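Before any comments, here is the structure.
In the numbering used here, the protein residues as written are 418 to 561.
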């Protein structure tokens, strides 16, 4: 008698497990289909706007642009120094990534090239005029 009850419970358990597995597989399949449909529609909608498409693709791949904005209360000297440090660090990293040059890269006679000694400062208005007259452009590299 006891063996019959155990066998019945085992069969019932196996049946419930099979039902669970089938239902889980259907659910996972539906989730994949819906995600695929959603992202295909999103990409199609944004295909006419490259900036939005690149932004969406970056977010889908887990890349997010980090906006590093200065504090508005920071002084001009500190901002200028920070700006300079950014590029000095960037160039240092590039030099390290390229390694040591295998040969002398200076062309013959390059020592006779005149040096840039004089720099004429310009006003803030001249700077703003140059910026305002320049064409606004963006590319994928602008986000990194």
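Where is the CB? At the ideal position from N, CA and C, for every residue including glycine.
Small disclaimer: the values here were computed from a predicted structure and weren't measured.
TODO: Give the secondary structure of residue 488 by DSSP, where H, G and I count as helix, E and B as strand, and everything else as coil.
DONE: DSSP places residue 488 in coil when its eight states are reduced to three.
Open item on the list: Quick check on the burial criterion: 16 or more other C-beta atoms within 10 angstroms. Buried or exposed for residue 545?
Closed with: Taking a 10 Å sphere around the C-beta of residue 545, we find fewer than 16 other C-beta atoms and assign the residue as exposed.
Task: Residue interval of the alpha helix (DSSP H) (run including residue 464) - done: Premise fails: residue 464 is in no alpha helix (DSSP H) and is neither H nor E.
Open item on the list: I'd like to know if the stretch 508-517 and the stretch 489-498 are in contact, where contact means that at least 3 CB-CB pairs between them fall below 8 Å.
Closed with: Touching, no.
- [ ] Identify whether residue 426 lies in helix, strand or coil by the three-state DSSP scheme.
- [x] When DSSP states are grouped into helix, strand and coil, residue 426 belongs to the helix group.
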